[in-house]
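Visitor: Numbering (this note's numbering), first residue to last: 6 to 221.
Ideal placement from N, C-alpha and C gives every residue a C-beta, glycine not left out.
(1) In whole angstroms, give me the CA-to-CA distance for residue 145 and residue 95.
(2) What does a CB cutoff of less than 8 Å around residue 221 pick up in its chain, not counting 5 residues either side in sequence?
(3) From 187, 203, 171, pick the residue whose C-alpha is nearest to that of residue 22; which is it?
(4) So the alpha helix (DSSP H) residue 46 belongs to, where does it begin and stop?
(5) Should residue 85 be listed as close to the ligand SAH, given that the test is whether its C-beta is under 7 Å from any heavy atom?
(6) Classify residue 198 as helix, strand or coil using the three-state DSSP reduction.
(7) Could you pull the start and end residues of the alpha helix (DSSP H) that residue 109 belongs to?
(8) In three-state terms, what does DSSP make of residue 74?
(9) Whose CA, out of 114, 201, 46, lies closest to the CA of residue 130?
(10) What would DSSP say about residue 100, mapped onto helix, strand or coil?
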């Protein structure tokens, strides 16, 4: 692919604007027992039971550095007071203590304060550290190898949905669950498909080779 083709791809499929990622809190850099106060985006929550049948809250937050797991104990009816806030608001100032259990760090929340000011939720979402332009060029090159009219159809469809596709996560949970995750996931699948297609020993042998690599 020459420079003119690369320029065309980058102009037609520009990289999205991502959060700056400055001054982000990373729980992996924290020590157990640290007291922290951070502004975080609430992703999910649920009321669960301890082994002694007491309620507690399991929560999932995020910022530019990634996902942050947390819990809140039901001290003095805290859960009933907090649940309406969790249903109404998405961004919170979180005061908590860092826990480290089986080398998995999380937060034990002491206080949740909803943020009422307008804030762009994208500023608190993790995003891919891959080179967007390189991923885009690689994806386009795979589409370009399709037979017509499928190559044109695929590229025009990609162009139509690019603004959403380029920034969408691939999932809500653990699998490429960050901005740009769907693009990275799609390129990864295309790499596998191309390997299987081009394997000289045949498609079945290629799949067996991939399975053996995963098992190792």
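Guide: On the basis of the coordinates in this document:
(1) 36 Å
(2) Reliability fails at residue 221, whose pLDDT of 47 lies under 50, so the model's placement of it is uncertain and the value that follows must be treated cautiously. Contacts found: none.
(3) 171
(4) It is not in any alpha helix (DSSP H) - residue 46 instead sits in the beta strand (DSSP E) that spans 40–54.
(5) Absent from the structure shown: the ligand SAH. Ligands present: none.
(6) helix
(7) First-last for residue 109: 109–119, but that is the beta strand (DSSP E), not the alpha helix (DSSP H).
(8) strand
(9) 46
(10) strand
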